[in-house]
Structures are given as structure tokens and as C-alpha cells.
Amino acid sequence: MIELSYESGTLIWTGDAATGGKPPEPFIWDKRTEQWRAPASSYRETVLKLRETGTPYTDRAARFEKLSLESRVAMEPRPYQRGALNAWRKGPSEMRGVVVLPTGAGKTAVAVRAMERTGRSTLVVVPTLALLKQWYSILSDSFGASVTVGLLGGGYHEITPLTVTTYDSAYIHMERYGDRFALVVYDEVHHLPSPKYAVIPEMLLAPYSLGLTATPERPDGGHDLLPTLAGPVVYRLSPEDLAGTYLAPYQTVRIPVELTVAERVEYETEDAVYQDFLKKHRLSIRSPEDWQRFIMVASTSHSGGREALLAARRRREIRASAERKTATLESLLKRHWEDRTIVFTKSVEEVYALSTRFLVPGITYETPARERKEILDRFRIGRYRAVIASDVLNEGVDVPEANVAVILAGSASRREYVQRLGRVLRPREGKSAILYELVTEGTGEEAASRRRRESFAEAYP
Amino acid sequence: MLRGEHVMARLVRGRLVPHRLAPNDEQAREIAEALVALYVVHLGKPRARLESELALVEEEIGPRLDPRRGFKILRALSKLLEERSSWASPTETDPYTLRTRLFELAAALPEFPSHTGALLETETREELLSRVATETGVEDPAALMYADRQGAQLLSSFEPPSPEALISRYNVAQIQGVLYSAKDLTVDLGEEADARLIFHYVKLLGLIYSLEQTSRGYRLHLDGPLSLFNSTRKYGLRLAKLLPGLLLTAPWKLHASVSWKGREAILELDSEAPGLTSHYKGPADTGEGDTREAFVKAWKRAKDTGDWKLEPGVEILPVPQLKTALVPDFAFRNTRTGERVHLEILGFWSERYLIERVALLREAAKRGRRVLIAAPGSLNASPETLSDATQGDVIPFKSRLDAKSVLAALG
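For the record, the sequence lines run as chains U and R. Quick note on the working numbering: the first sequence kicks off at 1 and runs consecutively. Quick note on the working numbering: the second sequence kicks off at 462 and runs consecutively.
Next up, the structure:
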């Protein structure tokens, strides 16, 4: 009798000579351990082949279970969400495929439906700790009555039949748990085709997979690997397809913040020292690498290096903590006390400083999953009026009820900006969204803001 | 262990030279000493303060040590010191409960709790804080509301290493760092090397080996299950963790293929490399060493050992299905028939351990190797349990193993 078993991310085929003989591709004879071995991902095709040919076999590999998953959250799917789900179920390789939907279109809802339909142990793989916590919250809301949601990564190590993990943790740990899941959902699946993460699907027996993203294309061409890793693109909509109908209207308000007189004098002094040094050493700062170079040059320079470093640091501090910026934020919080406001800051430290100052809950990557869920739940039902967050709410993490967003300062990256707007742009009945951007005048933040708006125009012409 | 960003190595004609601090370099010693001192003075103080001090030191003395990489070296050293530290909470009050109370009360106000003027009757921030202070007995709730953050944790204990120990740990850690990117590892073990120790770590780390006999000992090739299909760096971290294990014995030579910043490179190292010491303690001593010595003496004293001769040199008997190998203590050769039998002496054992060892023996027997086990009578198992568990393949002994009972088992 042929026997299949799972071992550290691989599938082992044992069969006596009489019935077994040589197993089909892609099994290879492993001389090291004297076994037939294949990547765990070959489970689906192997089992299908065995069934097709009517070969009897014992499956000691799969350890996933049937789950009765019925979402408690009543959600009427939007027509395109239903379309995406059907395309996935009936696509060329049934229940294996990638769904491309713009930010804000409710990719998660598609995944929740897919889990319901599959009704088997499921692993969700996400790129960031923020998303890990976000999915924990969504899955607990949906399925918490029948299963406990497990977490792997960010200090959590609890594996249940419905587990959320990060790409990094999956890469490290999946060879231990790769036999436990029948369905794997890859959120932001464009992360998967990197040389490192591409090993993850290999270690998983999971016969079913669903990839989700707004932007499958990768500059390195890695998207060509997606069909092998997660399945072919089975459904695709662009932001233009949804604009107007499903994405709410919004307005942006840019508020220039001037430094106080004292701040300005100090800023200009420090800036002069810093700029002189850059000029003398023919440096220009356009990217994080340029900044690294500046640090290196300044810390090794014999004349003026140390002064330039201190000036650069002080200059940044003035800009970040500009008194009027905090005061402006305070007046915005006051003005929108009846709304749901979400504030984005540039740094984690700023979140804690502002949270302490305004007594408004803060969320960063440090916030534990349970507390984070509690804060966002209370925000959703209006028990909290505002939330201050660092970059943590990026990459598709949603706060559906926010109708006011304040960007204190951010780096000028296109994806970031579009996705942040996506938060506020979540459709909601009769909602008018406002996005404030606070920019300190006469400092480098102006240019960053300009770049952000330009890239926005590019994304939503 | 270092983080990836702390790892530094030069690539010289395809060979990697991991960054290294000379143990006798005065400046490196001084810096090591200064960092250790910094940790010591921050005992009982918050982590954030230690970290900002460290940042200052990095910027100030880093470039003096090495103009380009000084700050990285310092960061790496303090990472290694952090591994010797533990942290504790600054307060007995639960900061989560405290802040949640503040947020709830603030959000329940009809107007934003402003800093300054009270418009109408709305509570100000100060009033709200003092209300919570009375309620909870915490003097300054705003100061403690985020006391569970990492930066607020207090350094509660620290084991200071000597500067030499820190530098040696650094040098090993840099080599380990290069091994993070290793795809496989080949180790040539000399005959005197403790192969049993090596296999202890190989099994512990879940690595897969293949074994070849060489003229001077053994060659071990190490990687992982998935390496069969593509070369992968996935097992690099485990190969790195093997290194301190290797450093517990000698002689050996290692050779690793590394993908280093997009290029293929090799790393070579041997047990002669100076200044590298292990921070592993090795598997717990089970007292086998003494029993082994005593047995050799007993064998030499024995008047008649029949046709059996005790042979020097330890042989490794691979047991690939069980991902390990048997490294018996002794081999006996029958001078008349040429038969070779191995003997493994156990120290303290548990029933489960013994059953595992016997499973290994059976596997070896399938491969035509005969191995005997000698086990001391144990406090927690009767002779019956012993023979039940092993079905009679075991030579029981009391405190010393004598030649007679071994000869009886050899037959």
C-alpha cells in the first residue's frame, strides 16, 4: 500500500516494491535519508493522480480538518465580490487563484466568503503585524463563535485551525505546520514571489489557495511566478471600474503650518549649518540611502561633521514637534469631535506623545492584537471619537467608519498615499470624507507633500 | 545572535572574510568595556534611556573605532549584551487599564478636553487626569499610561561579560551571521572530534546530513529537507546555530556555500582559527565519560578476552531514516572471524531514551552492524522494565561495567 506522509515541508512517498514502485513526478529519491521526497505543495496533484488511477493509498500527510465556518457578520456581498468568488471557485484550477481588487473594495470580504465555502482549516498569510492584528479582528468577528483564531508572529505562537501569520513567520515555521491547512489565503499576494517567500507555498500541503492584491505587478517581474505559487489571476478590477459607484467622494484640505518666530529663528540657524555641510561635501538628500551617506560622511569628517549631525537632528526635531502643528491638530480634533477622525503621524514616538497629550487612543505596531481590536471596535461604534496611528494602518487595513483623516507628515511614497486615502474612501451611506494634510512651511515637508499629491493625480487621474 | 543588518564581511576572490575584532586591540577592548559599563550603570533604569545613551556612544566613539562601520560594530556589540539582560515593568498598576479608562472618559465628554481654557462646563485635560488619579491612586496617570512600552521597561538584571568574552562572542556571531545566508555546510571531522556531540546538534536543529568516510575521519554534508529540490537559504539560521556546537570540539574544517548579496561565495573555517570560543554549554554530562574510562581499564586488566580485541578509533554508523547517527563508544574485533561489534555505554537514562537508542540499534542491525548497549541500573526502572523495553539487547551493569559481562554478550 502506498503511504503519503508529511515531513518538514516535504511530502514522503512510501510503498513496497509490489504495489508502489517508482512514484510519479515530482518525487525524487533522497539519498540522504533513503526516501522518496517531493515538495509539500505536490500534495494536490499527487492525490488527484492517485485517485484518477484508482490506486489505493493511505494519507498520513494531511492533518487539516473540516470546520463549520459560518460568518456571524451578515454582509450582502457586492456584485463584484460575488463575481470574484465565483471566478475563484470555478477558475481554471479550481479554488486556486488570485483576485485583484482596488484598495477599499473589500478584498477581505471575498476571503471570508471563500473560507466559508471551503469549510476547512485555513491559514492567512499577511505582510505586516498591523495586518496580522487586523485579520485577527475580522476573523474573530466572523467565525469567533465556532473557532478560536490563532496567531503566529509578532510574539504570538498559537496555532489553531484558523491561523493568521506573517510572511516572515510562515517562512520560518511553516515546515512544522504545513500539514494543518487546506486553504491558504495570501493577503497582499504581490509579496509572495520574492526569492525568500516563494518557499512558503512549497512547504504547504494546502490544496486550495487564494491570493489578494490591488497591484499584482512587481518591478522585478516576479508576478510571472504567481500562477505557480498561488494560482492564476482569476478576477481583476481597476479603481476606475469602481470609481463613483463604490468609492465614496472625498475632499482634501492642505493646511500650511508656520513655525513660531522662535522656532523659525532656530530652524534657520540649524538649517544653515546643515546645508553648508552638504554643499561643502557635495551631498544632496533625496533618498534614505543619501541620508545614510550623510551620516557616514558627517561622522567621519574632522571639521564640522559633528555640528552638522547635531544640526540635522535638531532641525528635524523642530519640524516634527512644531508647536503650531500640535495646536492645529488640537483644533481639528475639536472641530470634528462629532465625527470619526483618524490621525496619521510620521513616527511611533509621535503617536505616544500625542495620545498622552490628547487622551486619544494610539495604535502602533507595538499595540497588542486584542487591545488594537478593542480600540478599533470602539472607534467603529463611536465609543471613541478619534484614533492616532503611525504607519501601521497601511496596506489595506481598514477603518470603515472614519470620515476624517489627518496626515501629520509622511514620506512621499505613492502606494502609501493612495492606500491611506483608501481608508477614508471606504463607502458609507451619506459619508463625506475629508483629508487634512498638515505641512510645516519653509521645511522639507513641503516637497514631500507635493510629490504625494502628484503621485495621487497619477493614480487617480 | 546578530540581526542581519549587523553582519559584515569582505568578499575576497569569492571567499568571505567575516568582520572580526582583534582580541588584543586596545581600542576594541576599551569600547567593549565602556558598553558593558553602560549596561551596568543602567541597571534599574528605563530601556529608552539606555538606548539613547547607546545612540550617542555609537555616533561619538563608533567612527573612532572604524570610520565607516564603527556604529554598526557598536550596535552589534550591544545586541549581544542585550541577550544577557532582562527587563521588568516599572509599575504595579496595569497601564492598559489606566489608559483605557482615560480614553473612555475623554471620549465621553461632550467636547474635546482642552489643555487650557474651560469652555462652558467641560472638563479640562488636567481635571480629567486628577479625577483618574483619585480613582486609581496613581499619582500621575499620564506618565504611566504607556508604562508597558518596551522603552519604559527597567533593566532588571544583566550578566556582564569580560571584554575578551564579548569580543570573542562578537567574532563568532559575525561568522554565524554569514552562515545565515548559507545554502549548505560541509564539515570535515577529524578522528578525535566528538562526533556524538555534533550529531546531538544536527538532530536538535532538524538538519539533514549525508556522510562520507575520508582518510582522516568523516565528511558531513548538512542542509535541510527542501534543499533536495532547490538550493535554499532557509536552513542558514540553523547552520549558524550549529557553529557554537562545533566550537566545543576539534579538529574540524568547514566549508559553506553562501549567497552573499546576490553573489555566490564560500566561507571556510577550521578549529585552528584563534580566539573563537563557544557560548554553548554542550549537552548535559550524563557521567558516561567516567564509565568509559573505567571500562577501558577493566578490559586491559582482564586476563582472558578470548578472540576479542578492543579497537581504537570511533566509527560513525549513519541511521539516515531517523536523521541521526550512532557513534558507539567502542569497537571489538574478533581476531579469528574478523567480525566487528560495537558497544555503546549509556549514562543516566530514561525509559523513553533507552527505547529510542534501541530503535537506532535495530536500524543499524538492518544495515549489518551489530551494536550492544550497556546501561547502568537506574533508580527509576527495574531490571524487568529495562529488558522489556529493549528485549534483551542491553547489558545491565551496576556501577562499573566489567569485561566479563561484555564478553558474555559478544558470545
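Here a beta-carbon is modelled for each residue, glycine too, at the ideal position from N, C-alpha and C.
Three-state secondary structure assigned by DSSP to residue i
| i | result |
| --- | --- |
| U:S413 | Since pLDDT at U:S413 reaches only 39, below the 50 mark, its modelled position is unreliable, and the value read off the structure follows with that caveat. Three-state result, U:S413: coil. |
| R:R557 | Per the sequence shown, residue 557 of chain R should be read as Tyr rather than Arg. DSSP places R:Y557 in helix when its eight states are reduced to three. |
| U:D290 | helix |
| R:K714 | strand |
| R:P705 | helix |
| R:I628 | helix |
| R:R801 | strand |
| U:I138 | helix |
| U:K133 | helix |
| U:N470 | Here chain U has residues from 1 to 461 only, and residue 470 of chain U is not among them. |
| R:E572 | coil |
| U:R117 | helix |
| U:N86 | helix |
| R:W721 | strand |
| R:R490 | helix |
| R:Y670 | strand |
| U:V253 | strand |
| U:Y274 | helix |
| R:F619 | strand |
| R:K664 | helix |
| U:Y177 | helix |
| R:H682 | strand |
| U:V147 | coil |
Chain-ordered neighbours of residue i on chain R, where CB pairs are closer than 9 Å
| i | result |
| --- | --- |
| U:E7 | P686 |
| U:K334 | E572, F573, S575 |
Residue environment, residue i, which counts as buried when at least 16 other CB atoms sit within 10 Å
| i | result |
| --- | --- |
| U:Q290 | At residue 290 of chain U the sequence reads Asp, which differs from the Gln that was named. By the neighbour-count rule (16 or more Cβ atoms within 10 Å), U:D290 is not buried but exposed. |
| U:E437 | buried |
| U:E395 | Confidence is the limiting factor: at U:E395 the pLDDT is only 43, short of 50, which leaves the residue's position unreliable, though a coordinate-based value still follows. That one is buried. |
| R:A745 | exposed |
| R:D765 | exposed |
| R:L517 | exposed |
| R:I445 | Residue 445 of chain R is absent from the model: chain R starts at 462 and stops at 872. |
| R:V473 | exposed |
| R:D601 | exposed |
| R:S811 | exposed |
| R:E805 | buried |
| U:H302 | exposed |
| R:A498 | exposed |
| U:E350 | buried |
| R:S642 | buried |
| R:A489 | buried |
| R:A826 | exposed |
| U:V418 | Below a pLDDT of 50, predicted positions are generally treated as unreliable, and U:V418, at 46, falls in that range; no measurement from the model is reported. |
| U:S93 | exposed |
Integer-rounded CB distance, given that residue j should sit under 8 Å from residue i
| i | j | result |
| --- | --- | --- |
| U:V360 | R:A567 | 7 Å |
| U:Y171 | U:Y197 | 6 Å |
| U:L212 | U:D179 | Not a contact, Cβ separation roughly 24 Å. |
| R:I628 | R:L707 | Not a contact, Cβ separation roughly 20 Å. |
| R:Y670 | R:H682 | 6 Å |
| U:V149 | U:L139 | 5 Å |
| U:S5 | U:R60 | 4 Å |
| R:Q674 | U:E34 | In fact, because the Cβ distance is near 18 Å, the residues do not count as touching under 8 Å. |
| U:W88 | U:L210 | 6 Å |
Contact list for residue i against chain U, beta-carbon separation under 9 Å
| i | result |
| --- | --- |
| R:I669 | S8, D30, R32, T33 |
| R:L574 | Reading off the sequence, residue 574 of chain R comes out as Pro, not Leu. Those are F358, L359, listed as they occur along chain U. |
Contacts of residue i in chain R (Cβ-Cβ under 7 Å)
| i | result |
| --- | --- |
| U:Y384 | F564, A568 |
Chain-ordered chain U contacts of residue i [CB-CB under 7 Å]
| i | result |
| --- | --- |
| R:L689 | I28, D30, R37 |
| R:E520 | S299, L309 |
| R:A603 | T356 |
| R:T693 | V199 |
Chain R residues whose Cβ lies nearer than 8 Å to that of residue i
| i | result |
| --- | --- |
| U:S390 | Result: empty, since nearest Cβ-Cβ is about 13 Å, beyond 8 Å. |
| U:S137 | Within chain R, no residue comes near U:S137; the closest Cβ sits about 17 Å away, beyond 8 Å. |
| U:Y352 | Y607, R610 |
Contacts of residue i in chain U (Cβ-Cβ under 8 Å)
| i | result |
| --- | --- |
| R:G697 | The contacting residues do not exist; R:G697 stays about 11 Å from chain U at best. |
| R:K784 | T33 |
Practice problem: Let me know the alpha helix (DSSP H) ranges lying completely inside the region 319-371 of chain U, each 4 residues or longer, listed in chain order. | Solution: Every alpha helix (DSSP H) stretch that sits fully inside the region 319-371 of chain U and reaches 4 residues is listed by chain position as 323-335, 348-358.
Quiz item: Going along the chain, which unbroken runs of the alpha helix (DSSP H) with 4 or more residues stay wholly within the region 11-59 of chain U?
Solution: DSSP runs (the alpha helix (DSSP H)) wholly in the region 11-59 of chain U: 43-52.
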